[in-house]
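Written out below as structure tokens is the structure these notes cover.
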Amino acid sequence: MEFRGIMKMTNDRQDKFIERYQRSLRDHLVTFNDGVIAIIITIMVLSLPAPKTDADLKKFLFDAINYSVSFFIVADFWYDAHRTFSTFKKATKRVVIADFFFLLTLSFIPIMTKWIIKDPSPLALSVYGGIYLVVQMCIFWTFIAGNYDQIHKKAVWQTTLVRTLTLGIPLAVILILVPKITLIVYLVLPLVSFFTPDRVRKQHRHYRK
């Protein structure tokens, strides 16, 4: 009986340690995200070349537009990531993996934005759309990982499939028929999302502790 009591105390201490560690890990991930995204934005602004002559002004304006659009796209994803992390208090290894994939794919957004503004070809738009969709799915993956114990697996996959098809298929059709409209959608949608007054998503509100 005494041995069982000692084992129970040891297990309780381990559980408390793991819980403290996971809470601390979540906070560190939020801070890490802020740092990485700040670096991405810093690199973006440092890549802006100052115009040396009047002839360089046109290129500078193009680069400034690209930077502005990229800035708000990255800012919108930063906001979504913070809102996602607010739905859970502890981070597991699943959350870490999902979050790192989010940061990896997000770092490609600025160069992809520059590409589609400069050359809105079907190939460029397809690559951009694919990366943009992956970034969105990584945020959703982070949400699932953070709330894993509270979410029914079947419901998760149904929601993931619906989101993928709802976003991917219409844009793919528009991409084939009218590439220029796709360009406008890709660039304007994140800006509208960023400046629209906040509406906390039903799924976040439902699973929030």
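All residue numbers for the sequence shown refer to numbering that gives the first Met the number 0, where the first residue is 0 and numbers rise by one. Using N, Cα and C, we set each Cβ at its ideal position, and we do this for glycine too.
Item: T86 to V133 span [Cα, whole Å]; Value: 21 Å
Item: Inter-residue CB distance, V35 and L102 (contact presumed, cutoff 8 Å); Value: 5 Å
Item: Distance CB(P109)-CB(M43) smaller than 7 Å; Value: yes
Item: Spatial distance of T141 from R82 (CA atoms); Value: 11 Å
Item: Straight-line gap, F107 to K92 (C-alpha atoms, nearest Å); Value: 24 Å
Item: 7 Å Cβ cutoff met for V68 and L186; Value: yes
Item: Straight-line Cα distance separating F59 from D26; Value: 39 Å
Item: Contact check, A97 vs N32, beta carbons under 7 Å; Value: no
Item: As assigned by DSSP and simplified to three states, the class of V94; Value: helix
Item: For K51, the three-state DSSP class (helix, strand or coil); Value: coil
Item: As assigned by DSSP and simplified to three states, the class of S85; Value: coil
Item: Alpha-carbon to alpha-carbon, T104 and M136; Value: 10 Å
Item: Cβ neighbours of D75 in the same chain (closer than 7 Å, five flanking residues each side left out); Value: P189, S192, F193
Item: Length of the line joining the Cα atoms of V95 and K117; Value: 35 Å
Item: Assigned secondary structure, N32 (DSSP; H/G/I helix, E/B strand, else coil); Value: helix
Item: Neighbourhood of I5 by C-beta distance below 8 Å, restricted to the same chain and skipping five residues each side; Value: Any reading at I5 is ruled out, since the residue's pLDDT is 46, under 50, leaving its predicted position unreliable.
Item: Sub-7 Å separation of I130 and M111 beta-carbons; Value: yes
Item: Residue range of the alpha helix (DSSP H) that includes T141; Value: 121-145
Item: 7 Å Cβ cutoff met for A234 and Q149; Value: With the chain running from 0 to 208 in the structure shown, residue 234 is simply not present.
Item: Residue burial classification, A63 (beta-carbon count within 10 angstroms, cutoff 16); Value: exposed
Item: Host alpha helix (DSSP H) of P109 (start-end); Value: 108-117
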